[in-house]
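Please read the structure below before turning to the comments.
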Amino acid sequence: MIGLLALWACPAPPEPMAPEPRCTDITWEGFARPFFASWCTSCHHSALDEPLRGGAPTSIDLDTYEDVLAAAPALAASATTPTPRMPPGGGTSPGERERLAEWLACGLPRRGEDTGQECTGTVSGPLLVATGPQRDALCASGSGIEGDLQLSLGGSVPCLCTVAGSLVVSEAAPELALPALTSVEAILSVAGNPGLQALSIEALEQVGGLHLTDNPELITLDLSDLSEISGDLIVDPRGLAGPLELDEVRTLGGSLTLIGPPQLDRLGLARLELLQGDLRILGGGIASLTTGPLPQIPGDLEICDTTALQTLEGLDRIERVGGDLILCRNQSLSALGLSGLRWIGGDLVIEDNPELPTHTAQTLVSRTRVDGAIVIEGNL
52 MIGLLALWAC PAPPEPMAPE PRCTDITWEG FARPFFASWC TSCHHSALDE PLRGGAPTSI
112 DLDTYEDVLA AAPALAASAT TPTPRMPPGG GTSPGERERL AEWLACGLPR RGEDTGQECT
172 GTVSGPLLVA TGPQRDALCA SGSGIEGDLQ LSLGGSVPCL CTVAGSLVVS EAAPELALPA
232 LTSVEAILSV AGNPGLQALS IEALEQVGGL HLTDNPELIT LDLSDLSEIS GDLIVDPRGL
292 AGPLELDEVR TLGGSLTLIG PPQLDRLGLA RLELLQGDLR ILGGGIASLT TGPLPQIPGD
352 LEICDTTALQ TLEGLDRIER VGGDLILCRN QSLSALGLSG LRWIGGDLVI EDNPELPTHT
412 AQTLVSRTRV DGAIVIEGNL
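Using this note's numbering, the letters of the sequence shown map in sequence onto residues 52 to 431.
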């Protein structure tokens, strides 16, 4: 009896508790956004319609933080289990699923602001800042511009945080730094700067468009935090005298056009997930081209008249080109790459590339659906 009473008095062992998430360094910018770009947004993207969505419901997109926030409960149930239902073809590793589950459990954290500059007050534009006293007056009045702003000076403008209109950098001195600027709602135009050698906007995350025109001495352009260009990216023949490093850019809402900058030898877009227009490289000395996880180009892909580009292997993740694919008069092009390409909605033109073997182009045709005309001539 005493033994029975003792057993009655002893409570049952508690149910094991789920481990608390560590909530250490997993963020949207550092982990989640690249994860969804790799595994999900080739179908679940707001810019895609059928048949490009592959049957993905139009009510579920995963290309923005707000989209993922709305879908978080469904993601936890379908993508983080030992046998996940999403993505349909599998492929995610146990470690990736564990990190995704932890990020969701921690409340979908984002990277904090690290510019060290508090944005306070606004100043109405349009506004021209061309002297030190004008800069000091701006900083005394506020750090945001409601309208357009033109900067025509050197040194640093440490207070400038946001521009609600366009920002024009013109006739600037050899070095200009905008260390706190995070967004330009309209176009960032760097144009007409014969003496500008270095422009640093390292905290900039979003612009409405980026135009580089007539900056023959601009060797250093620091846009290391830029992740979104809502409109077009245009570089003219004298727009830049050094490499264009945009390896954090994930979204390009318009077209990308490079028109022959001879000193621009590298275009880095290692994390580009979405391009909503054309990709055109027309002339110049570019030798390295990378577009990272970009799955499709809805418009034309045109690369012509380059002198140093030898291969298109940096475009191997592209599966679909909605318009024409044109490769012409590229003096050093000897290998196509494009190993992932399966569909061209317009014409395929590969002509007058003196180092490109014709059989390479024919191999591309044999494994790719081409809805338009096919022209292959004048190659090696």
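Here a beta-carbon is modelled for each residue, glycine too, at the ideal position from N, C-alpha and C.
- Query: Is the stretch 365-374 touching the stretch 336-353, taking contact as three or more C-beta pairs under 8 Å?
  - Reply: yes
- Among residues of its own chain, excluding the 5 on either side of S417, which ones have a beta-carbon nearer than 6 Å to its beta-carbon? none
- Message: Does L99 come out as helix, strand or coil in the three-state DSSP assignment?
- Response: coil
- Message: At the level of alpha carbons, what is the spacing between S93 and W79?
- Response: 18 Å
- Message: Is the beta carbon of P294 closer than 8 Å to that of R317?
- Response: yes
- For the beta strand (DSSP E) that L178 lies in, which residues bound it at each end? 178-180
- Which first and last residues belong to the alpha helix (DSSP H) in which R161 is found? First-last for R161: undefined, no H or E at that position.
- Message: Which same chain residues end up closer than 6 Å to G260 when comparing Cβ atoms and leaving out the 5 residues on each side of it in sequence?
- Response: I238, G282, D283
- Message: So for G260, helix, strand or coil by DSSP?
- Response: strand
- Message: Here's the rule I'm using: 16 or more other beta-carbon atoms within 10 Å means buried, otherwise exposed. How should A188 be labelled?
- Response: exposed
- Locate the alpha helix (DSSP H) running through L315, then write down its first and last residues. Where L315 is concerned, there is no enclosing alpha helix (DSSP H), given that its DSSP letter is neither H nor E.
- Task: Quick one: which unbroken beta strand (DSSP E) runs of 3-plus residues sit fully inside the stretch 324-362? Chain order, please.
- Result: 330-333, 339-341, 352-355
- Which ranges does the beta strand (DSSP E) cover as unbroken runs of at least 3 residues, wholly within the stretch 366-414, from first to last along the chain? 376-379, 399-402
- Message: Is it buried or exposed, P139, if we count other Cβ atoms within 10 angstroms and call 16 or more buried?
- Response: exposed
- Message: Please report the distance separating the alpha-carbon of L333 from that of A228.
- Response: 30 Å
- Message: I'd like the list of long-range same chain contacts for A107, defined as Cβ closer than 6 Å, with 5 residues on each side in sequence excluded.
- Response: C94, H95
- When DSSP builds the beta bridges, which residues end up paired with S234? T213, Q257
- Query: DSSP puts E279 in a beta bridge; with which residues?
  - Reply: Q257, T302
- Query: So G423 packs on D375, CB below 8 Å; how close in whole Å?
  - Reply: 7 Å
- Would you give the residue range spanned by the beta strand (DSSP E) that Q185 belongs to? First-last for Q185: 183-192, but that is the alpha helix (DSSP H), not the beta strand (DSSP E).
- Query: What is the rounded straight-line gap between the Cα of L360 and the Cα of Q257?
  - Reply: 29 Å
- Message: Below 7 Å, is the gap between the Cβ of A249 and the nearest heavy atom of the ligand PLP?
- Response: This structure does not include the ligand PLP; it has no bound ligands of any sort.
- Message: Comparing C-alpha positions only, which one of I377, E353, A386, I77 sits nearest to T362?
- Response: A386
- Message: According to DSSP, is E153 part of a helix, a strand, or is it coil?
- Response: helix
- Message: Based on DSSP bridge pairs, tell me the residues matched to S207.
- Response: A228
- Distance between Q185 and V300 (C-alpha atoms, nearest Å): 32 Å
- Task: Compute the distance between the beta-carbons of I285 and T308, then report whether it is under 8 Å.
- Result: yes
- Query: So, A254 versus E226, is the Cβ gap smaller than 8 Å?
  - Reply: no
- Message: Does A249 come out as helix, strand or coil in the three-state DSSP assignment?
- Response: strand
- Task: Mind checking which residues open and close the beta strand (DSSP E) that includes E197?
- Result: 195-197
- Task: Give every residue of the same chain whose Cβ lies closer than 7 Å to the Cβ of I425, excluding the five residues on either side of it in the sequence, and list them in chain order.
- Result: L399, V416
- Can you give the beta carbon distance from L315 to D114, rounded, assuming they're within the 8 Å contact cut? Actually they are not in contact, since the Cβ atoms of L315 and D114 sit about 29 Å apart, beyond 8 Å.
- Query: From R393 to V421, what does the alpha carbon distance come to, in whole angstroms?
  - Reply: 9 Å
- Message: According to DSSP, simplified to helix, strand and coil, what is Q168?
- Response: Its pLDDT being 46, under 50, Q168 is placed unreliably in this model, and the value from its coordinates should be taken loosely. Looking at Q168 - three-state DSSP - the assignment turns out to be coil, as it is neither helix nor strand.
- Using the C-alpha atoms, what's the distance from R148 back to L263? 41 Å
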